[in-house]
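Student: Take the sequence shown: its letter number 52 is residue 60 in the numbering used here, and every next letter is one higher.
Dumping the structure here so I can ask a few things about it.
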Amino acid sequence: MVAARQLKREYEDEGATLKELAARHGLSYYKVRRMLVDHGVELRGAGPVPWPAPDGMVTDYVVHGVSIEHLAWNYDLSFGVTRRMLLAEGVELRPKGERANEHPDRGFH
9 MVAARQLKRE
19 YEDEGATLKE
29 LAARHGLSYY
39 KVRRMLVDHG
49 VELRGAGPVP
59 WPAPDGMVTD
69 YVVHGVSIEH
79 LAWNYDLSFG
89 VTRRMLLAEG
99 VELRPKGERA
109 NEHPDRGFH
């Protein structure tokens, strides 16, 4: 079995993900996670840190009420990346299912 210190090195120094480590060493995702945590590793957040939101995205969401789904389509991004961009910009997301002023001809570039 792989040593926790090797997993730590691959995770911290090489930037491997938990999923990659699990596949590489024939372990479950949760086993890798537990080994790293038990070895004192501070885990990175889930998913990549997104780049800044494109110009107009925050305004489209906040002012024009465009949904995250429509923003994702308009900016050719996934829903998750679009959502993380908005959160990183400090936007307070509307409750799930609440859609305000969604007009495909408004707020798009």
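Here a beta-carbon is modelled for each residue, glycine too, at the ideal position from N, C-alpha and C.
For clarity, every value in this text was computed on a predicted model and none was experimentally measured.
#1: Where are the alpha helix (DSSP H) runs, 4 residues long or more, that stay fully inside the stretch 45–110, in chain order?
#2: Go through its chain and collect everything with a Cβ distance to Ser86's Cβ below 8 angstroms, but skip five positions before and after it.
#3: Measure the CB-CB distance between Val66 and Val99 and report whether it falls below 8 angstroms.
#4: What span of residues does the alpha helix (DSSP H) with Glu22 cover, start to end?
#5: Going along the chain, which residues of its own chain have a beta-carbon closer than 6 angstroms to the beta-carbon of Arg131, five neighbours each way excluded?
#6: Which residues in the same chain as Gly23 place their Cβ atom closer than 7 angstroms to its Cβ, once the five residues preceding and following it in sequence are excluded?
#7: Do you know offhand how far Ala11's Cα is from Arg42's?
Tutor: Let me lay it out:
#1: Correct list: 65–70, 76–82 and 87–96.
#2: On the sequence shown, residue 86 is found 78 positions in, with the first residue counted as 1. Closer than 8 angstroms at the Cβ level, and outside the excluded window around Ser86, lie Ala80.
#3: Along the sequence shown, read from residue 1 onward, the residue named residue 66 stands at position 58. Along the sequence shown, read from residue 1 onward, the residue named residue 99 stands at position 91. Cβ distance < 8 angstroms, so Val66 and Val99 count as in contact.
#4: Taking the sequence shown and counting its residues from 1, the one referred to as residue 22 is at position 14. Counted as a single uninterrupted DSSP element, the stretch harbouring Glu22 is not any alpha helix (DSSP H), since DSSP gives it neither H nor E.
#5: Summary: the structure shown does not reach residue 131, with the chain confined to residues 9 through 117, and so no result is reported for it.
#6: On the sequence shown, residue 23 is found 15 positions in, with the first residue counted as 1. Nothing meets the Cβ criterion.
#7: As a working note, residue 11 is residue 3 in the sequence shown. As a working note, residue 42 is residue 34 in the sequence shown. Cα to Cα, the separation comes out at about 12 angstroms.
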